[in-house]
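Numbering (my numbering), first residue to last: 1 to 423.
Yeah, the Cβ is synthetic: ideal placement off N, Cα and C, and Gly gets one too.
Take a look at the structure below.
Here is the structure:
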C-alpha cells in the first residue's frame with residue numbers, strides 16, 4: 001500500500017478513534033518504513049565492458065527429468081511421465097519457452113558485439129559449466145531464469161568487480177525480484193542497449209561471509225534439484241578447506257539472501273549457542289534454527305518468517321474493542337502493512353538481520369534470559385550443540401555443522417555484489 005493511501009486511511013481512523021494514542025504514532029512509523037526500504041547503494045556507472053558475457057541458464061524441469069531417466073528413449077520417457085500423472089504438455093511448453101528466451105538473449109548480445117558463452121551446472125549439457133574458471137573469463141554474468149538462477153550466478157562471484165544482470169526468462173512462473181523489471185523479460189534488447197550505452201546505475205548488494213572454526217572435515221552438498229549428483233569441487237574449486245592462522249576456514253560462497261543454521265530434520269529442536277556483536281557471553285538456546293539475512297534477503301525468507309497476517313492484527317484490535325475488520329483499507333490492514341514493510345532494510349546495509357525460529361522461551365530457556373528472537377548485528381557467532389545440523393547458504397549449498405563447531409558471520413564492503421539498475 002502506498003504511503004499516501006495509508007495516510008488517507010489513518011486520517012479517517014483518527015476521526016473514528018479520537019481516544020486512541022496508538023494511532024498518533026502511525027505517521028512517524030510509516031515515514032521510517034520509507035527510509036528502511038529505499039535502496040541507497042546507487043552509484044553512477046563506471047567503465048564497463050560487455051565484451052565477454054557469460055549467460056547462466058537454469059535447467060528446466062523437463063531437462064532434469066530427462067537427465068534423471070537418461071536410460072529411456074524419448075517415447076519411453078514421455079510415456080513414463082504420462083503414467084506418473086505429470087502434465088507433460090506444460091513441462092514441454094516451459095522448456096521450449098526457456099530455450100527460446102535464452103537463444104533470444106544470446107543473439108541480442110552477439111549482435112551487440114559480445115563474445116557469449118552459455119553455461120549450466122551440468123558439464124555434459126553445455127560446452128562450458130558454471131564454475132570459477134568460467135566466472136574469471138567473463139566481464140559480466142547474465143543469469144537467465146528466476147531468483148534461484150540469479151543466486152546461483154552470484155554464488156561463485158567472490159568480489160565486487162564482475163557485475164550481474166538478471167533476466168527473468170519466465171515471469172509467469174517466477175517473481176524474479178532480483179532480476180531486471182519484468183518489462184525487460186519480453187524486451188531484453190532494450191535492456192542490453194541501455195547497458196551498452198551507459199544508461200544505468202550500479203547497485204552494490206551486501207553479502208555475508210562465513211568462517212568455520214572447529215570442524216575436522218567439511219564436505220559441501222548442493223541442494224538444487226537440477227544437480228542430483230555432482231562433484232562440488234568442480235564448481236567451487238579446490239583449496240578452500242585450508243585453515244588460516246586463526247584456525248578458521250572461510251566458506252567458498254557468499255550469501256546474497258541468507259544463511260540458515262539448524263538441524264536437518266525440521267521437526268527436531270536445534271540446540272545453538274549465540275553471540276551478537278562480541279557480547280561478553282553466549283546465549284544458550286533451543287529453537288527451530290536461525291536465519292541470518294542481508295538487506296537483499298530481508299524481502300525473502302526473513303520476511304516470510306516475521307510478517308504479521310492481517311488476521312492477527314484484526315484479532316488484537318478486537319481484543320482492544322476496536323474495529324476488527326480485515327478489508328483492503330481497514331485499520332488492521334494499515335497496521336499489518338506498516339509492520340511488514342518495516343521488516344525490510346536496504347540491500348547495502350552493513351548489518352545482518354537475524355530471526356530465531358520458534359525460540360523456546362520457557363523454563364530455563366533461553367539461558368540467560370532476555371534474548372530477542374529478531375534483531376540486527378554486525379557480527380554473529382553461532383556454536384553448534386546439534387547432532388545433524390547444516391549451514392545452508394542461499395538455499396543452494398550446505399555444510400555440516402555439528403557439535404562443537406563454531407561459525408562466524410560478518411559483512412565486508414569488498415564482498416558486495418555489483419548489480420545493474422534500469423528504470
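Quiz item: Contact check, residue 291 vs residue 302 under 8 Å by CB: the rounded distance?
Solution: 6 Å
Exercise. Give a yes or no on whether the C-beta atoms belonging to residue 176 and residue 405 are separated by under 8 Å.
Key: no
Quiz item: So which of 105, 113, 137 and 173 has the shortest CA-CA distance to residue 61?
Solution: 173
Quiz prompt | Beta-carbon contacts of residue 379 that lie in its chain and below 8 Å, excluding the five residues immediately before and after | solution = 276, 277, 278, 408, 409 and 410
Practice problem: Give a yes or no on whether the C-beta atoms belonging to residue 208 and residue 294 are separated by under 8 Å. | Solution: yes
Quiz item: Between the C-alpha atoms of residue 74 and residue 117, what's the straight-line distance to the nearest angstrom?
Solution: 28 Å
Quiz prompt | Stretch-stretch touch, CB-based, cutoff 8 Å, three pairs: the region 142–152 with the region 161–172 | solution = yes
Exercise. Rank 342, 284, 334 and 322 by C-alpha distance to the C-alpha of residue 306 and give the top, closest one.
Key: 342
Quiz item: Based on Cα-Cα distance, which residue from 257, 249 and 54 lies nearest to residue 115?
Solution: 54
Practice problem: Grab the span of the alpha helix (DSSP H) containing residue 132 for me, first residue to last. | Solution: 132–137
Quiz item: Cα separation between residue 78 and residue 91?
Solution: 11 Å
Quiz item: Can you tell me whether DSSP reads residue 269 as helix, strand or coil?
Solution: coil
Exercise. Within the same chain, show all residues whose beta-carbon is closer than 6 Å to that of residue 484, passing over the 5 residues directly before and after it, in chain order.
Key: Residue coverage of the chain in this structure runs from 1 to 423, which leaves residue 484 outside it and unanswerable.
Quiz item: Are there three or more Cβ pairs, one per stretch, closer than 8 Å when the region 247–259 is compared with the region 196–210?
Solution: yes
Practice problem: State the DSSP-derived secondary structure class of residue 419, mapped to helix, strand or coil. | Solution: strand
Quiz prompt | For residue 140, the residue or residues it bridges with in DSSP | solution = 53
Quiz prompt | Nonlocal neighbours in the same chain, by C-beta distance under 6 Å from residue 300, ignoring five residues either side | solution = 257
Quiz item: Given that a residue counts as buried once 16 or more other Cβ atoms are within 10 Å of its Cβ, and exposed if not, what is residue 243?
Solution: exposed
Quiz item: Around the C-beta of residue 231, are 16 or more other C-beta atoms found within 10 angstroms, so that it is buried, or is it exposed?
Solution: With a pLDDT of 48 at residue 231, under the threshold of 50, the modelled position of that residue is not reliable, and the figure given next carries that caveat. It is exposed - the Cβ of residue 231 has fewer than 16 other Cβ atoms within 10 Å.
Quiz prompt | Touching by the beta-carbon criterion (3+ pairs, under 8 Å), the region 372–392 and the region 350–357 | solution = yes
Quiz item: Among 263, 317, 382 and 254, which has the Cα closest to the Cα of residue 284?
Solution: 382
Exercise. Buried or exposed for residue 191, please, with buried defined as at least 16 other CB atoms from any protein chain shown within 10 angstroms of its CB.
Key: buried
Quiz item: Which runs of the alpha helix (DSSP H) fall wholly inside the region 272–319 and span at least 4 residues, in chain order?
Solution: 301–306 and 310–319
Quiz prompt | Host beta strand (DSSP E) of residue 120 (start-end) | solution = 115–120
Exercise. Mind checking which residues open and close the beta strand (DSSP E) that includes residue 353?
Key: 352–356
Quiz item: Taking the alpha carbon of residue 186 as the point to measure from, which residue in 150, 386 and 97 has its own alpha carbon closest?
Solution: 97
Exercise. Can you grab the Cα-Cα spacing for the pair residue 437 / residue 100, in whole Å?
Key: What is shown of the chain runs 1 to 423, which leaves residue 437 out entirely.
Quiz item: Which residue comes first and which comes last in the alpha helix (DSSP H) that contains residue 339?
Solution: 331–341
Quiz item: Under the three-state reduction of DSSP, which class applies to residue 177: helix, strand or coil?
Solution: coil
Quiz item: Between residue 110 and residue 188, is the Cβ-Cβ spacing less than 8 Å?
Solution: no
Exercise. Starting from the C-beta of residue 386, find all residues in its chain whose C-beta is less than 8 Å away, skip the five residues before and the five after it, and write them out in chain order.
Key: 262, 263, 270, 271, 272, 401, 402 and 403
Practice problem: Find the nearest neighbour of residue 130 within the set 113, 309, 321 and 154, judged by alpha-carbon distance. | Solution: 154
Quiz item: Out of 51, 81, 171 and 183, which has the shortest C-alpha to C-alpha gap to residue 423?
Solution: 183
Quiz item: CB residue 393 to CB residue 251, shorter than 8 Å?
Solution: yes
Practice problem: Give the single residue among 280, 212 and 266 whose Cα lies nearest to the Cα of residue 247. | Solution: 212
Quiz item: Start and end of the alpha helix (DSSP H) containing residue 397?
Solution: Here residue 397 belongs to no alpha helix (DSSP H); instead the beta strand (DSSP E) covers 397–400.
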